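Chains G and W supply the protein sequences, listed in that same order.
11 is the number of the first residue of the first sequence in the numbering used here; add one for each residue after it.
11 is the number of the first residue of the second sequence in the numbering used here; add one for each residue after it.
Don't be surprised by glycine CBs; every beta carbon is placed ideally from N, CA and C.
What you are looking at is a predicted structure, and each value in this text was computed from that prediction instead of being measured.
Protein chains: 2
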Amino acid sequence: MPVTIRDVARASGVHISTVSRTFSAPHLVNPETRVRVLACAEDLGYRPNRAARALITGRTHNIGLIIADIANPFFPPLIKAAESQARHRDYHVFVADTNEDAAAEEELVHALAKQVDGVLLCSPRMSNSLIEQLSREVPLVVVNRQLAGLPCVLMDVGQGARSAIEHLVGLGHREIALLGGPRGSWTSRELRRAASAAARAAGADLTVLGPNPPTESGGLAQAEQVRRAGVTAVLAYNDLMAIGLLEGLDALGVRVPQEVSVVGVDDISLSRLTRPKLTTVATPTAAAGRTAVDMLLQQDTELPRTGRGSGAAVAVGVRRTTAQVMLQTELVIRDSTGPGPYAGRERPGATAAGPGPHRRADPGGPTVAAGDVVAS
Amino acid sequence: MPVTIRDVARASGVHISTVSRTFSAPHLVNPETRVRVLACAEDLGYRPNRAARALITGRTHNIGLIIADIANPFFPPLIKAAESQARHRDYHVFVADTNEDAAAEEELVHALAKQVDGVLLCSPRMSNSLIEQLSREVPLVVVNRQLAGLPCVLMDVGQGARSAIEHLVGLGHREIALLGGPRGSWTSRELRRAASAAARAAGADLTVLGPNPPTESGGLAQAEQVRRAGVTAVLAYNDLMAIGLLEGLDALGVRVPQEVSVVGVDDISLSRLTRPKLTTVATPTAAAGRTAVDMLLQQDTELPRTGRGSGAAVAVGVRRTTAQVMLQTELVIRDSTGPGPYAGRERPGATAAGPGPHRRADPGGPTVAAGDVVAS
DNA sequence: TACTTCACTGCAAAGGTTTGCACAAAGATC
DNA sequence: GATCTTTGTGCAAACCTTTGCAGTGAAGTA
Numbered sequence: 011m012p013v014t015i016r017d018v019a020r021a022s023g024v025h026i027s028t029v030s031r032t033f034s035a036p037h038l039v040n041p042e043t044r045v046r047v048l049a050c051a052e053d054l055g056y057r058p059n060r061a062a063r064a065l066i067t068g069r070t071h072n073i074g075l076i077i078a079d080i081a082n083p084f085f086p087p088l089i090k091a092a093e094s095q096a097r098h099r100d101y102h103v104f105v106a107d108t109n110e111d112a113a114a115e116e117e118l119v120h121a122l123a124k125q126v127d128g129v130l131l132c133s134p135r136m137s138n139s140l141i142e143q144l145s146r147e148v149p150l151v152v153v154n155r156q157l158a159g160l161p162c163v164l165m166d167v168g169q170g171a172r173s174a175i176e177h178l179v180g181l182g183h184r185e186i187a188l189l190g191g192p193r194g195s196w197t198s199r200e201l202r203r204a205a206s207a208a209a210r211a212a213g214a215d216l217t218v219l220g221p222n223p224p225t226e227s228g229g230l231a232q233a234e235q236v237r238r239a240g241v242t243a244v245l246a247y248n249d250l251m252a253i254g255l256l257e258g259l260d261a262l263g264v265r266v267p268q269e270v271s272v273v274g275v276d277d278i279s280l281s282r283l284t285r286p287k288l289t290t291v292a293t294p295t296a297a298a299g300r301t302a303v304d305m306l307l308q309q310d311t312e313l314p315r316t317g318r319g320s321g322a323a324v325a326v327g328v329r330r331t332t333a334q335v336m337l338q339t340e341l342v343i344r345d346s347t348g349p350g351p352y353a354g355r356e357r358p359g360a361t362a363a364g365p366g367p368h369r370r371a372d373p374g375g376p377t378v379a380a381g382d383v384v385a386s
Numbered sequence: 011m012p013v014t015i016r017d018v019a020r021a022s023g024v025h026i027s028t029v030s031r032t033f034s035a036p037h038l039v040n041p042e043t044r045v046r047v048l049a050c051a052e053d054l055g056y057r058p059n060r061a062a063r064a065l066i067t068g069r070t071h072n073i074g075l076i077i078a079d080i081a082n083p084f085f086p087p088l089i090k091a092a093e094s095q096a097r098h099r100d101y102h103v104f105v106a107d108t109n110e111d112a113a114a115e116e117e118l119v120h121a122l123a124k125q126v127d128g129v130l131l132c133s134p135r136m137s138n139s140l141i142e143q144l145s146r147e148v149p150l151v152v153v154n155r156q157l158a159g160l161p162c163v164l165m166d167v168g169q170g171a172r173s174a175i176e177h178l179v180g181l182g183h184r185e186i187a188l189l190g191g192p193r194g195s196w197t198s199r200e201l202r203r204a205a206s207a208a209a210r211a212a213g214a215d216l217t218v219l220g221p222n223p224p225t226e227s228g229g230l231a232q233a234e235q236v237r238r239a240g241v242t243a244v245l246a247y248n249d250l251m252a253i254g255l256l257e258g259l260d261a262l263g264v265r266v267p268q269e270v271s272v273v274g275v276d277d278i279s280l281s282r283l284t285r286p287k288l289t290t291v292a293t294p295t296a297a298a299g300r301t302a303v304d305m306l307l308q309q310d311t312e313l314p315r316t317g318r319g320s321g322a323a324v325a326v327g328v329r330r331t332t333a334q335v336m337l338q339t340e341l342v343i344r345d346s347t348g349p350g351p352y353a354g355r356e357r358p359g360a361t362a363a364g365p366g367p368h369r370r371a372d373p374g375g376p377t378v379a380a381g382d383v384v385a386s
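Structure (structure tokens):
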């Protein structure tokens, strides 16, 4: 019943190899023959069997996309962009959800390895060493984690944290809390590092609360702690937690931004819809999805696979090109941040250390410039 | 480099067919041999090549999931549930996004057809006849659309609309607007049909506004119309539109629920986070994803495929089992609905037509009971 | 003892495609 | 007009696995 290359060959009176070439190497076949074959194929509704093709070429034209939690609104735009980009290049995308579980991640990489040309690992919870080990099994591109020797797509949350802290300090806040993210998250560590440094540089105190689950309830659960900590501003690991915190503070009768200012990270679409609208560090999630697919596919076309004539070639020139891309973030100021107790007064560090509220203290952040591609 | 069944055979001193059977028909191989083979396979890190397996068995152990818009928060829970359910049964899921475009849908079904054992079509925008035609190419399960002769997973939005209208009328509203969804949406038609009937039965007027894009901005854009229509309550096609409407009304200075009550459909997680919290008809999206996968896989195991010994068998007993499942919806009352102008007065239709506010008028709705599975 | 049954394993074909090589015919070069 | 390219096509092997059939012993039966 399913129409194969053989049916097309019979219908157009050529050998199957000619049909094959009509699709995979059109320049090798006579234009007249080509149109005839194409017409027959169209007629019969022929579609090449990708499994058979994969078997011999060693490329499946599939990629795997491993996500910590599809239901987390941070990811869908990334998934959407990655799928779209992949499809433009004639790749299909397996999407898999790990429920934030490192063991599930590992198992999924194994399960997918034979079936895809590469895997996008988004916000992994695994250890670095495990990721490196897995990368020997299947080409990997990591999103939201920096790993030497592996292609990574990063969002410059460090810069975002600095902007956020400076924004808050500029508004007159000196006692700031950071709501940490989940254990094992590179983003969370990076955020903490940059926020601490920025707070120190600006003469503010930073209290770290966490780790927390990166969810609304994770933020809600910390509302009481936030109030008790006596801070006047909070930077949350992500918007979901920030929104949960908004809920929690509301329930406690704490007004935002009059009593406490709140800043999120991600700029999920939801953050425009809360009351007050959330001030947040926008991360370019769709761009990250696109970029990650591009990097994976570029790597894929460079490396030869199991095809017939391989063998020695792999051992010789394998030197992988491991680019790392850092995407820019941007502070989006909305209504959840307002003046703090020191509003209008001179900032403690400002006169001594820099040119004013928009000074960019950069105490040892990532050296990769925003938007740059650096091969290593 | 990649380890094949042959490597395992060599290592364990048996023929490759024995290795194959160790995995696909363990009861046919001597327990001692089996453990030896398994040990070798484990050692070498062997994973069967699914492309090769697909080639001969005719089943890929993949399914396709075609979604109108991944970024629409209605879908991620469905995707997540479907993926999880599929994985439990050793299937992987291709996710593809159509951007609400019917042509893209068709193309995707074609593209995926050869590569999957079946496709889940979620909230399709295609015509019924096209869907039926495509279903001859690859097994299909349709979500959110009723099609005779095809397995469908439906949410009882009709019941939901009735509950919503009755809730509003019970609160004293008589002039109600329905914000329609996108053209081609079965859910939108169904909603409209049931809401009209329910409004008529309860003696209220229903104004239909639309069709609209099923997004926040789609709802926002209708705020002005809603005010001009002079209604005191609105039922929106989905939560996203309802939330957009909330925004729009707020911008116009119309207070919710004091001046206008708003009801959404879906109960996306976001609807708990707006101010006021949204009253909505909860649809069981995760259950729909699970159910759809189950139905597809059940159908899949029933129908034989291209395998060696097929042939006549297909022609004989092909009679597809096309179950249709209707999942129950539930009205969740939150803060966006409040008393209307007729609050406290006697309802016009109530005394004449039924037993009171929770009467269930059912003027020609679907005959399939909620939660029932009906083979046709 | 001779025969059947049974459990296990090996053999080889098949599935749809790609691709290196060989070959033929036509055109180019001298 | 003989040789060399070029262009287009066919041939057949290879990719990795599954599976019907046949074969081998050993155990059970008469």
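For a contact meaning CB atoms closer than 9 Å, what does residue i contact in chain G?
| i | result |
| --- | --- |
| Glu-257/W | Arg-282 and Leu-283 |
When the distance is taken between beta carbons, is residue j closer than 7 Å to residue i?
| i | j | result |
| --- | --- | --- |
| Thr-332/W | Gly-159/W | yes |
| Leu-75/G | Val-119/G | no |
| Pro-87/W | Ala-296/W | yes |
| Leu-189/G | Tyr-247/G | yes |
| Ala-51/W | Val-18/W | yes |
| Glu-110/W | Pro-134/W | no |
| Ala-78/W | Val-303/W | no |
| Arg-184/W | Tyr-352/W | yes |
| Pro-192/G | Pro-224/G | yes |
| Val-13/G | Ala-174/G | no |
| Glu-200/W | Val-167/W | yes |
| Gln-232/G | Leu-219/G | yes |
Counting C-beta neighbours from all protein chains within 10 Å, is the total for residue i 16 or more, i.e. buried, or is it exposed?
| i | result |
| --- | --- |
| His-37/W | exposed |
| His-25/G | exposed |
| Asp-107/W | buried |
| Arg-318/W | With a pLDDT of only 39 at Arg-318/W, under the threshold of 50, the placement of this residue in the model should not be trusted, and no figure is reported. |
| Asp-277/W | buried |
| Ser-34/W | exposed |
| Ala-209/W | buried |
| Ser-22/G | buried |
| Asn-40/G | exposed |
| Val-328/G | Residue placement at Val-328/G is poorly supported in this model, since its pLDDT is 39, which falls under 50; the coordinates still yield a value, given next. Classification for Val-328/G: exposed. |
| Ser-27/W | exposed |
| Gln-309/G | buried |
| Gly-321/G | Reliability of the predicted coordinates at Gly-321/G is poor, the pLDDT of 33 falling under 50, and no value is obtained from them. |
Please check the pair residue i and residue j, which I expect to be a contact at CB under 8 Å, by giving their CB distance rounded to whole angstroms.
| i | j | result |
| --- | --- | --- |
| Glu-226/G | Ala-292/G | Rounded, the Cβ-Cβ distance is 19 Å, inconsistent with contact. |
| Pro-58/W | Leu-280/W | Their Cβ separation, rounded to whole angstroms, is 42 Å, which puts Pro-58/W and Leu-280/W out of contact at 8 Å. |
| Ala-243/G | Thr-290/G | Rounded, the Cβ-Cβ distance is 13 Å, inconsistent with contact. |
| Gly-350/W | Gly-182/W | 4 Å |
| Leu-250/W | Ala-205/W | Leu-250/W to Ala-205/W, Cβ: 18 Å. No contact. |
| Ile-73/G | Leu-130/G | 7 Å |
| Met-305/W | Val-151/W | 5 Å |
| Ser-346/G | Leu-288/G | 5 Å |
| Thr-32/W | Leu-48/W | 6 Å |
Could you work out which residues of chain W lie near residue i, taking near to mean beta carbons separated by less than 7 Å?
| i | result |
| --- | --- |
| Pro-83/G | Pro-83 |
At 7 Å on the CB atoms, spell out the chain G contacts of residue i, in chain order.
| i | result |
| --- | --- |
| Phe-104/W | His-102, Val-103 and Phe-104 |
List the residues of chain G whose Cβ lies closer than 8 Å to the Cβ of residue i, in chain order.
| i | result |
| --- | --- |
| Ile-253/W | Leu-283 |
| Ile-26/W | Simply none; closest approach about 16 Å. |
So with CB distances below 8 Å, who are the chain W contacts of residue i?
| i | result |
| --- | --- |
| Ile-4/G | Residue numbering for chain G in the displayed model covers 11 to 386; residue 4/G lies beyond these limits and cannot be assessed. |
| Ile-343/G | Ordered by position in chain W, no residue passes the 8 Å Cβ test against Ile-343/G, which lies about 19 Å from the chain. |
Listing by chain order, which chain W residues have their CB less than 9 Å from the CB of residue i?
| i | result |
| --- | --- |
| Ile-186/G | Neighbours of Ile-186/G on chain W: none; closest Cβ ~24 Å, over 9 Å. |
At a Cβ cut of 7 Å, what residues of the stretch 54 to 78 of chain G count as close to chain W, listed as they run along the chain? For the stretch 54 to 78 of chain G, which is checked against every Cβ of chain W, the residues closer than 7 Å are Arg-57, Asn-59, Arg-60, Ala-61, Ala-62, Ala-64, Leu-65 and Thr-70.
When Cβ atoms are compared, which residues of the stretch 125 to 145 of chain W fall closer than 8 Å to chain G? Correct list: Gln-125.
So if I threshold CB-CB distances at 8 Å, which residues from the stretch 262 to 296 of chain G count as touching chain W? If the cut-off is 8 Å between Cβ atoms, the stretch 262 to 296 of chain G has Ser-279, Leu-280, Leu-283, Thr-284 and Arg-285 near chain W.
Given a limit of 7 Å on CB to CB distance, which residues of the stretch 84 to 96 of chain W reach chain G? Within the stretch 84 to 96 of chain W, the residues whose Cβ lies closer than 7 Å to some Cβ of chain G are Pro-86, Pro-87, Ile-89, Lys-90, Glu-93 and Ser-94, listed in chain order.
Going along the stretch 106 to 123 of chain W in order, which residues come within less than 9 Å of chain G, judged by CB to CB distance? Listed by position along the chain: Ala-106, Asp-107, Asn-109, Leu-118, His-120, Ala-121, Leu-122 and Ala-123.
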